[in-house]
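To start, the structure itself, in structure tokens.
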Amino acid sequence: MVHRHAAEYIDRSLREICFCKLPFGGDFRQILPVSRHTTRAQVVSACTNRSPLWHHVKVMMLTINIRVQSLDQQDSVEVSNFSDFLFRVEEGTEPENESNMIHLDAKYIVRGETIGD
1 MVHRHAAEYI DRSLREICFC KLPFGGDFRQ ILPVSRHTTR AQVVSACTNR SPLWHHVKVM
61 MLTINIRVQS LDQQDSVEVS NFSDFLFRVE EGTEPENESN MIHLDAKYIV RGETIGD
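For the sequence shown, the UniProt record's numbering begins at 1 and goes up steadily by one.
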């Protein structure tokens with residue numbers, strides 16, 4: 001999501017440009033917020049769902065990963081499996097061991113101090 005003030009500005013601009021009184025001129029895409037050097041409270045405040053525009057938003061759950069469909073067969077299977085794994089973790093349905101830990105396949109582990117290592 002973008003900062004709520006930016007979203008509100010974009011809302012007003014798109015309504016004017018599109019000649020449409022619907023929020024965001026009738027079209028909205030979710031963009032994650034980026035807030036540097038801020039407190040947790042400031043990050044939460046920056047989220048679009050804190051905006052007065054939020055009551056116009058209809059939340060829809062997507063169930064098909066379109067990006068996977070454009071990959072070759074091997075990559076598609078691998079990305080789809082990882083996507084399914086993330087979904088199970090989010091839903092709390094991924095099996096845990098006796099220590100309440102989730103197994104993460106070694107191929108997904110990056111060793112080093114940073115991603116670039």
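Cβ coordinates follow ideal geometry from the N, Cα and C atoms, glycine included.
Where Gln30 and Glu8 are concerned, what is the direct C-alpha to C-alpha distance, given to the nearest angstrom?
Because the pLDDT at Gln30 is just 48, under 50, the model does not fix this residue reliably, and the value given afterwards should be weighed accordingly. Answer to the nearest angstrom: the Cα atoms are 13 Å apart.
Between Gln42 and chain C, is any beta-carbon pair separated by less than 8 Å?
Protein chains in the displayed structure number just one, and chain C is not present.
Beta-ladder partner(s) of Glu96, from DSSP
Ile102
Just to confirm before moving on: does the CB-CB distance between Lys21 and Arg12 stay below 8 Å?
no
May I have the straight-line CA-CA distance separating Leu53 from Ile10, to the nearest angstrom?
11 Å
Give a yes or no on whether the C-beta atoms belonging to Val68 and Ser80 are separated by under 8 Å.
yes
So, is residue 119 buried or exposed, given that buried needs 16 or more other C-beta atoms within 10 angstroms?
Nothing about residue 119 can be read from this structure; the chain reaches only from 1 to 117.
Using a Cβ-Cβ cutoff of less than 6 Å, which residues in the same chain neighbour Phe24 once the five nearest sequence positions on both sides are dropped?
Asp11, Leu14
Buried or exposed, going by whether 16 or more other CB atoms sit within 10 Å of the CB of Thr38?
exposed
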